[in-house]
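S.K.: Same order as they appear, the protein sequences are chains A and B. 274 is the number that the numbering used here gives to position 13 of the first sequence; each next residue is one higher, with no gaps. 326 is the number that the numbering used here gives to position 65 of the second sequence; each next residue is one higher, with no gaps. Every residue, glycine too, gets a C-beta built ideally from N, C-alpha and C. I'd like to ask some things about the structure below.
Number of protein chains: 2
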Amino acid sequence: MKLGTAGRTVTLGIIGLGGRGVGQMKTLLSMPDVQVNAVCDVYEDRAQNAADIVKEQRGAAPFCTTDYREVLKREDVEAVVIMTSWQTHIPIAIEAMRAGKIVSMEVGGATSLDECWEMVRVSEQTGKGVMLLENCCYNDVEMALLNMIKQGVFGELVHCRGGYQHDLRDEIGLGDINRHYRQDNFMHRNGELYPTHELGPIATYLNLNRGNRMLTLVSMASKAVGEHEWLKKNRPDTDLAKARFNEGDIVTTMISCSNGETIMLTHDCTLPRPYSRGGYVQGVKGVWMEDGHGIYLEDDAHEGGTYAHKFKSDKEMLEKYEHPLWKEYREFGLRGGHGGMDYLVLRAFVESIQKEVAFPIDVYDTAAWMAITCLSEESIQKGSAPVNIPDFTSGRWMRREARPGDMFSLDAVYPEAFTE
Amino acid sequence: MKLGTAGRTVTLGIIGLGGRGVGQMKTLLSMPDVQVNAVCDVYEDRAQNAADIVKEQRGAAPFCTTDYREVLKREDVEAVVIMTSWQTHIPIAIEAMRAGKIVSMEVGGATSLDECWEMVRVSEQTGKGVMLLENCCYNDVEMALLNMIKQGVFGELVHCRGGYQHDLRDEIGLGDINRHYRQDNFMHRNGELYPTHELGPIATYLNLNRGNRMLTLVSMASKAVGEHEWLKKNRPDTDLAKARFNEGDIVTTMISCSNGETIMLTHDCTLPRPYSRGGYVQGVKGVWMEDGHGIYLEDDAHEGGTYAHKFKSDKEMLEKYEHPLWKEYREFGLRGGHGGMDYLVLRAFVESIQKEVAFPIDVYDTAAWMAITCLSEESIQKGSAPVNIPDFTSGRWMRREARPGDMFSLDAVYPEAFTE
Numbered sequence: 262m263k264l265g266t267a268g269r270t271v272t273l274g275i276i277g278l279g280g281r282g283v284g285q286m287k288t289l290l291s292m293p294d295v296q297v298n299a300v301c302d303v304y305e306d307r308a309q310n311a312a313d314i315v316k317e318q319r320g321a322a323p324f325c326t327t328d329y330r331e332v333l334k335r336e337d338v339e340a341v342v343i344m345t346s347w348q349t350h351i352p353i354a355i356e357a358m359r360a361g362k363i364v365s366m367e368v369g370g371a372t373s374l375d376e377c378w379e380m381v382r383v384s385e386q387t388g389k390g391v392m393l394l395e396n397c398c399y400n401d402v403e404m405a406l407l408n409m410i411k412q413g414v415f416g417e418l419v420h421c422r423g424g425y426q427h428d429l430r431d432e433i434g435l436g437d438i439n440r441h442y443r444q445d446n447f448m449h450r451n452g453e454l455y456p457t458h459e460l461g462p463i464a465t466y467l468n469l470n471r472g473n474r475m476l477t478l479v480s481m482a483s484k485a486v487g488e489h490e491w492l493k494k495n496r497p498d499t500d501l502a503k504a505r506f507n508e509g510d511i512v513t514t515m516i517s518c519s520n521g522e523t524i525m526l527t528h529d530c531t532l533p534r535p536y537s538r539g540g541y542v543q544g545v546k547g548v549w550m551e552d553g554h555g556i557y558l559e560d561d562a563h564e565g566g567t568y569a570h571k572f573k574s575d576k577e578m579l580e581k582y583e584h585p586l587w588k589e590y591r592e593f594g595l596r597g598g599h600g601g602m603d604y605l606v607l608r609a610f611v612e613s614i615q616k617e618v619a620f621p622i623d624v625y626d627t628a629a630w631m632a633i634t635c636l637s638e639e640s641i642q643k644g645s646a647p648v649n650i651p652d653f654t655s656g657r658w659m660r661r662e663a664r665p666g667d668m669f670s671l672d673a674v675y676p677e678a679f680t681e
Numbered sequence: 262m263k264l265g266t267a268g269r270t271v272t273l274g275i276i277g278l279g280g281r282g283v284g285q286m287k288t289l290l291s292m293p294d295v296q297v298n299a300v301c302d303v304y305e306d307r308a309q310n311a312a313d314i315v316k317e318q319r320g321a322a323p324f325c326t327t328d329y330r331e332v333l334k335r336e337d338v339e340a341v342v343i344m345t346s347w348q349t350h351i352p353i354a355i356e357a358m359r360a361g362k363i364v365s366m367e368v369g370g371a372t373s374l375d376e377c378w379e380m381v382r383v384s385e386q387t388g389k390g391v392m393l394l395e396n397c398c399y400n401d402v403e404m405a406l407l408n409m410i411k412q413g414v415f416g417e418l419v420h421c422r423g424g425y426q427h428d429l430r431d432e433i434g435l436g437d438i439n440r441h442y443r444q445d446n447f448m449h450r451n452g453e454l455y456p457t458h459e460l461g462p463i464a465t466y467l468n469l470n471r472g473n474r475m476l477t478l479v480s481m482a483s484k485a486v487g488e489h490e491w492l493k494k495n496r497p498d499t500d501l502a503k504a505r506f507n508e509g510d511i512v513t514t515m516i517s518c519s520n521g522e523t524i525m526l527t528h529d530c531t532l533p534r535p536y537s538r539g540g541y542v543q544g545v546k547g548v549w550m551e552d553g554h555g556i557y558l559e560d561d562a563h564e565g566g567t568y569a570h571k572f573k574s575d576k577e578m579l580e581k582y583e584h585p586l587w588k589e590y591r592e593f594g595l596r597g598g599h600g601g602m603d604y605l606v607l608r609a610f611v612e613s614i615q616k617e618v619a620f621p622i623d624v625y626d627t628a629a630w631m632a633i634t635c636l637s638e639e640s641i642q643k644g645s646a647p648v649n650i651p652d653f654t655s656g657r658w659m660r661r662e663a664r665p666g667d668m669f670s671l672d673a674v675y676p677e678a679f680t681e
C-alpha cells in the first residue's frame, strides 16, 4: 500500500455542508484524484459557501443546489458523500443508490429497522455500495488495539466497552436559531443516539458480520436533568430553559454476540465531563482501558497476591503495536480533522471505488451499527426489554471474508489472521 | 462520637470460621466490650482453631460446636455473626432471629426472593435486627465520596457504577479438597454473584430504601472461558480442568431507581485483571472514577473546548473531603483487615446493639442488596429480561429516616443533609 498514491479520478457530490460537511469536503479536496462536481445543502448560504471553497481551490465552480435530487441526476457525479442531519442519511442514501450512485455517509443512528433493511436491499439490488464514514475505526489508538488483538495480545476476547461521552450541553442548548439536528434528537428521542464511534472499532475487534454478529440488546436510560440544569444556569431567559428534553443523560446498552462476547455502550452528552470514548477491551490474557490509559497483561510478572496487581500505562504497548497503516501515515504526513483519522476513512472510501473492491465498512455494517439507535429506543420504551438485532447479512456473516486488517480492503496487513 | 469507647459487654456467637471468619473474629476480640462465648463451624478443625484463639486471648475457652443450632440455644449469646457459605447466610439468620438472637452476617448474594422476604418478615415479627457486614461502606474512599455527595460536590446524582472485579481464578480453581463455596457457585450459577461491595456504597450515595429505591434490573452474561483457560494452563491434569463453569466471565447489570438514577454493576472474577471496585459517580456538576483515580468538576476552570477537558487526580479532593469518622479513626489508630474498614463495620454493629438503635445497614438493605444475585440469575435465564426488584420496606422507603452520615446510627455528622 502507498498512502495517497493517486488513482483514477473519483467524481463526488457532497450533500450536507454544515460545519462537519465543509471540513470533510476540504479533506477530500486535498486529494488530487478527487473531483467535487456538486455541492448541496438545504440552506442556500451553506451550499454557496461550499461552492466558493471548491472554486477557490480547484478553479472551476461546482454545481450548487439546495435540492439533493438535483445532485443525484448528474452524470458527472459517480458517488455521493452524505453529511446531512442524522435522520436523513439513510433516505438520501437509498435514493442515491436508486439513481446509480455509490454512497458514503457520515455517522449517526437509524430511526427504524425498516429503513436499514431498505438500504440493504436497495444496495443488493443496485449493486451500489454504502460506506459509513466511521472515522474512529481509523484512529491511531483504535488501530493499535486492533493490531494487538489480531496478534493475540489479549487472547480470546470476552468483553468490550465504549461510549460517546462528550459534553455537548452548549451545542444542544443553543437558544436562538439552531440548525443542528442534535437539539431535535435530544428533545424528542430517548436512546443510544450515537453508537458508532465506539461500536465501529469494537466491530472490527470482534469480527462482527464476519464470523460473529450482534444478537440482542438491552438499553436503560437515566433521568434527563443535565441539559435543563445547564440552560437554567446559562440561558435562563430562553424558551429552551423551560423545554422538556427526553434524552436520558446516561443511556447504557448491553449487547450480546453470537460468539459469547458482550458489549457495553454508554451515551453521555448532557453532563459535565471530559471527552472520552471509554474504550475497554478484555480477554482471557488481559485488559485495556482508555480512561486512565491502563493496560494489564497476565504475562507481565505479578506477585504479592491479586490486590497487588496494577494497571500500567498503555503508552509503550500502543507504540510497540502501532498499526502499519499509521506508521506509513506518519511518514506521509497526517492531514484532515480529528487527529488525522478523517483523512484515512475518506481515503479508504475513495480507494475502494478506484480499485472496485468492497468497502471495509459496508452496507451490512452500516445497517447493523446504525440500527442500535432505534433498537435502544424500543428497549427503553419497553422498560429495558431485550430486543433482537437483525441479521442484515441474511446468514452470510457465518462465511463472509474477514475484514482487512488495514481497513482499506487492499494489501491486507494480516492475511493469515483474517483467514478464519 | 468517640471510636472504641467501651459500652456494655456484647455477647457473641461466631458461626462460620474459615479464613474470613477467623479474621473478623480476631478484630472483634480486639474490642474489650465484646465477648465471644460460642464458636461454630461445620469443620471441627476450624471450630477448634477458633476456640483456641479465643482461649489464648481471653483466658477462657468458648463453647465450641459443629452445629450452629447449639449456638442459637445458648443464653450467653445475644447476637450472632454469620460468616458461613453464601447460600447459608440467610437460612441461619432466620433461625437465629427465631431463637431470639440479633444477627449480623458477612456479604454474599441471595438464592431466592422468598428467603429475602422471609428474613424481612421474621425480623419484623421478632423485633430482632439484621445487619449486613458490608465493609466497603466503611472504606476511606467510599466514605470520602459519601461526604462529597452529601455536601453537594457532584450536584444531583444521575448515574453510579461499581464492580466486583477480582481475579479469583486460582482460588476458584483449587483442584483438591476445596472447602470454599465460591467454586460451587461459579460452577453452577450464572449471575451477579457478589453485588454488595459496590452496591452498598452506592446505596448510601443514592439514599436507597430511604427516599429512593431500586425498581428493576437487567443482567447480561458473557461466555465463561476464563476459568477453564486458567485450569488448562495451570492444573491441566485435574478433573476440574475438564469441568464446566456456568458463571459468565463478565456479568453486567443495569438497575433503575425510582428517582431516575441508573446503576451499573460488573462482576468480573475469572479473567486476569488488577483488583478494582470500579467506582464511578456522576452528577450534574461532575464525575469521579476509581479506575485512573480521576475527578472532573464543572466548577474547575475549563477552556479550549470540550476535547481539552481532562480528568485530574482525585487525591486532593479525597483528602479535603476525608470523612470525619475516618479523621477520628486515624487518630484512634487503624486496625482490623482490608485497610481498616472491617473494624468500622463490626464496631457499627456492636455499638448499635449497645445503644439500642437501628443498624445503619438494616434488614431491608440486606434483603434488597442480596436479592440482586437471584434477580440477575433470573434476568439472564430469561435472555436479559427486566425483572422487578421488590420493595422490601412495603412502602416505608418513601418516609424512612435517612441513613446517618457516619454509618454508625449515632451522632449523625450531617443531620441537616439527612433530613429530607
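1. For A/Ala-267, which residues of its own chain have a beta-carbon under 7 Å away from its beta-carbon, when the five flanking residues on both sides are left out?
2. Do the CB positions of B/Ala-354 and B/Val-391 come within less than 7 Å of each other?
3. Thinking B/Leu-333 and B/Ala-371 are a contact (beta carbons under 8 Å), I'd like their distance in whole angstroms, please.
4. So for A/Met-668, helix, strand or coil by DSSP?
5. 7 Å is my cut-off, CB to CB: does B/Ser-517 come that close to chain A?
6. Rounded to whole angstroms, what is the Cα-Cα separation between B/Phe-572 and B/Asp-560?
7. So the alpha helix (DSSP H) A/Arg-591 belongs to, where does it begin and stop?
8. Is the closest heavy atom of the ligand SAH to the C-beta of A/Gln-285 under 6 Å?
9. A/Arg-496 to A/Val-486, Cα distance in whole Å?
10. Of the residues that make up the stretch 486-520 of chain A, which ones have a beta carbon closer than 7 Å to any beta carbon in chain B?
11. Ordered along the chain, which non-local residues of its own chain (more than five positions away) have a Cβ less than 6 Å from that of B/Pro-462?
12. Show which residues of chain B have a CB atom less than 7 Å away from the CB atom of A/Pro-352.
13. Mind checking whether B/Ser-655 and B/Val-648 have CB atoms under 7 Å apart?
14. If you draw a straight line from the C-alpha of A/Val-674 to the C-alpha of B/Glu-432, how long is it?
15. Report yes or no: is there a C-beta of chain B within less than 7 Å of the C-beta of A/Pro-533?
16. Between which residues of its own chain and A/Phe-620 is the CB-CB distance below 6 Å, once the five residues before and five after are set aside?
17. Let me see if you follow: with CB-CB separation under 7 Å, is B/Val-479 close to chain A or not?
18. Determine, for B/Lys-571, whether the minimum Cβ-Cβ distance to residues of chain A falls below 7 Å.
19. Roughly how many whole angstroms lie between the Cα atoms of A/Leu-478 and A/Leu-526?
20. Along chain A, in chain order, which residues have C-beta atoms closer than 7 Å to that of B/Ser-647?
21. For B/Leu-237, which residues from the same chain have a beta carbon less than 6 Å from its beta carbon, with the 5 sequence-adjacent residues on both sides left out?
22. Could you name the residues of the stretch 537-549 of chain A whose beta carbon sits closer than 9 Å to any beta carbon of chain B, in the order they occur along the chain?
23. Would you decide whether B/Ser-365 is buried or exposed? Buried here means 16 or more other CB atoms lie within 10 Å of its CB.
24. If we call anything under 7 Å between Cβ atoms a contact, is A/Tyr-604 one with A/Gly-594?
25. Quick one: what's got a C-beta closer than 8 Å to A/Cys-518's C-beta in the same chain, skipping five residues either side?
26. Tell me, which residues are paired with A/Gln-426 by DSSP?
27. Would you list the one or two residues that DSSP bridges to B/Ala-340?
28. Going by DSSP, which residues form a beta bridge with B/Trp-549?
29. Does the distance from the C-beta atom of B/Glu-546 to that of B/Phe-415 stay below 7 Å?
30. Would you mind reading off the limits of the alpha helix (DSSP H) that contains A/Phe-610?
31. Using only the alpha-carbon positions, how far apart do A/Asp-685 and A/Ala-299 sit?
32. Terminal residues of the continuous alpha helix (DSSP H) containing A/Leu-492?
33. What residues from the stretch 441-459 of chain A come within 9 Å of chain B, judged by C-beta to C-beta, listed N to C?
34. Tell me which residue opens and which closes the alpha helix (DSSP H) that A/Cys-635 is part of.
35. Rounded to whole angstroms, what's the CA-CA distance from B/Ser-645 to B/His-554? Just pull it up for me.
36. What's the call for B/Glu-453, buried or exposed, on a 16-neighbour Cβ count within 10 Å?
M.R.: On the basis of the supplied data:
1. Start at 1 with the first residue of the first sequence, and residue 267 of chain A comes out as number 6. Same-chain partners within the cutoff: Pro-293 and Asp-294.
2. Residue numbering aside, residue 354 of chain B sits at position 93 when the second sequence is read from its first letter. Residue numbering aside, residue 391 of chain B sits at position 130 when the second sequence is read from its first letter. Cβ distance < 7 Å, so B/Ala-354 and B/Val-391 count as in contact.
3. What you label residue 333 of chain B is simply residue 72 of the second sequence in a count that begins at 1. What you label residue 371 of chain B is simply residue 110 of the second sequence in a count that begins at 1. Their Cβ separation, rounded to whole angstroms, is 21 Å, which puts B/Leu-333 and B/Ala-371 out of contact at 8 Å.
4. For the purposes of this step, residue 668 of chain A is identified with residue 407 of the first sequence, where counting begins at 1. Coil.
5. For the purposes of this step, residue 517 of chain B is identified with residue 256 of the second sequence, where counting begins at 1. Cβ-Cβ to chain A under 7 Å: yes for B/Ser-517.
6. Walking along the second sequence from the start, residue 572 of chain B turns up at place 311. Walking along the second sequence from the start, residue 560 of chain B turns up at place 299. So the two alpha carbons sit approximately 13 Å from each other.
7. What you label residue 591 of chain A is simply residue 330 of the first sequence in a count that begins at 1. Start and end: 585-593.
8. No copy of the ligand SAH appears in this structure; indeed no ligand is present at all.
9. On the first sequence, position 235 is the one that residue 496 of chain A refers to. On the first sequence, position 225 is the one that residue 486 of chain A refers to. So the two alpha carbons sit approximately 15 Å from each other.
10. Val-486, Gly-487, Glu-490, Asp-510, Ile-511, Thr-513, Met-515 and Ser-517
11. Stepping through the second sequence from its first residue, residue 462 of chain B is reached at position 201. Within the same chain, B/Pro-462 has close Cβ partners Cys-397, Cys-398 and Glu-403.
12. Counting from one through the first sequence, the residue named residue 352 of chain A turns up at place 91. Within 7 Å Cβ-Cβ: nothing; A/Pro-352 doesn't reach chain B, min ~30 Å.
13. Against the second sequence, residue 655 of chain B aligns to sequence position 394. Against the second sequence, residue 648 of chain B aligns to sequence position 387. No, Cβ-Cβ distance for B/Ser-655 and B/Val-648 is not below 7 Å.
14. Position 413 of the first sequence holds residue 674 of chain A. Position 171 of the second sequence holds residue 432 of chain B. Here A/Val-674 scores only 35 on pLDDT, less than 50, and its place in the model should not be relied on; the value that follows carries that caveat. Each residue's Cα considered, the two are about 41 Å apart.
15. As a first step, residue 533 of chain A must be located in the first sequence, where it is residue number 272. Yes, contact with chain B.
16. The count along the first sequence starts at 1 and reaches residue 620 of chain A at position 359. The answer, listed in chain order, is Gly-390, Met-392 and Ser-613.
17. Start at 1 with the first residue of the second sequence, and residue 479 of chain B comes out as number 218. Closer than 7 Å: yes.
18. Position 310 of the second sequence, counted from the first residue, corresponds to residue 571 of chain B. So yes, B/Lys-571 belongs to the interface.
19. Sequence index remark: in the first sequence, residue 478 of chain A carries index 217 (1-based). Sequence index remark: in the first sequence, residue 526 of chain A carries index 265 (1-based). Answer to the nearest angstrom: the Cα atoms are 10 Å apart.
20. Taking the first residue of the second sequence as 1, we reach residue 647 of chain B at position 386. Looking at the sequence itself, residue 647 of chain B is Pro, so the reference to Ser does not match. Going along chain A in sequence order, the residues near B/Pro-647 (Cβ under 7 Å) are Gly-644, Ser-645 and Ala-646.
21. Residue 237 of chain B lies beyond the range of chain B shown here (262 to 681); nothing can be said about it.
22. Ser-537, Gln-543, Gly-544, Val-545, Lys-546, Gly-547 and Val-548
23. As a first step, residue 365 of chain B must be located in the second sequence, where it is residue number 104. Buried: at least 16 other Cβ atoms inside 10 Å.
24. Residue mapping note: residue 604 of chain A aligns to position 343 of the first sequence, counting from 1. Residue mapping note: residue 594 of chain A aligns to position 333 of the first sequence, counting from 1. No, they are not a contact pair.
25. Working through the first sequence from its first residue, we reach residue 518 of chain A at position 257. Contacts found: Leu-467, Leu-469, Asn-473, Arg-474, Met-475, Leu-476 and Ile-524.
26. By one-based count along the first sequence, residue 426 of chain A stands at place 165. A/Asp-529 and A/Ser-537.
27. Taking the first residue of the second sequence as position 1, residue 340 of chain B is located at position 79. DSSP output for B/Ala-340 lists B/Leu-273 and B/Ile-363 as bridge partner(s).
28. On the second sequence, residue 549 of chain B is found 288 positions in, with the first residue counted as 1. Answer is B/Val-542 and B/Ile-556, bridged to B/Trp-549.
29. For this step, residue 546 of chain B is matched to residue 285 along the second sequence. For this step, residue 415 of chain B is matched to residue 154 along the second sequence. Going by the sequence as given, residue 546 of chain B is Lys instead of Glu. In contact: B/Lys-546 and B/Phe-415 (Cβ atoms closer than 7 Å).
30. Counted from its first residue, the first sequence places residue 610 of chain A at position 349. Its alpha helix (DSSP H) spans residues 602-616.
31. Any answer about residue 685 of chain A is impossible in this case: the structure gives chain A only from 262 up to 681.
32. Here residue 492 of chain A refers to the residue found at position 231 of the first sequence. Run containing A/Leu-492: 487-495, per the alpha helix (DSSP H) assignment.
33. none
34. To locate residue 635 of chain A, count along the first sequence from 1; it is residue 374. Element bounds for A/Cys-635: 624-642.
35. In the second sequence, residue 645 of chain B corresponds to position 384, counting from 1. In the second sequence, residue 554 of chain B corresponds to position 293, counting from 1. Cα to Cα, the separation comes out at about 32 Å.
36. Numbered from 1 along the second sequence, position 192 holds the residue referred to as residue 453 of chain B. Buried.
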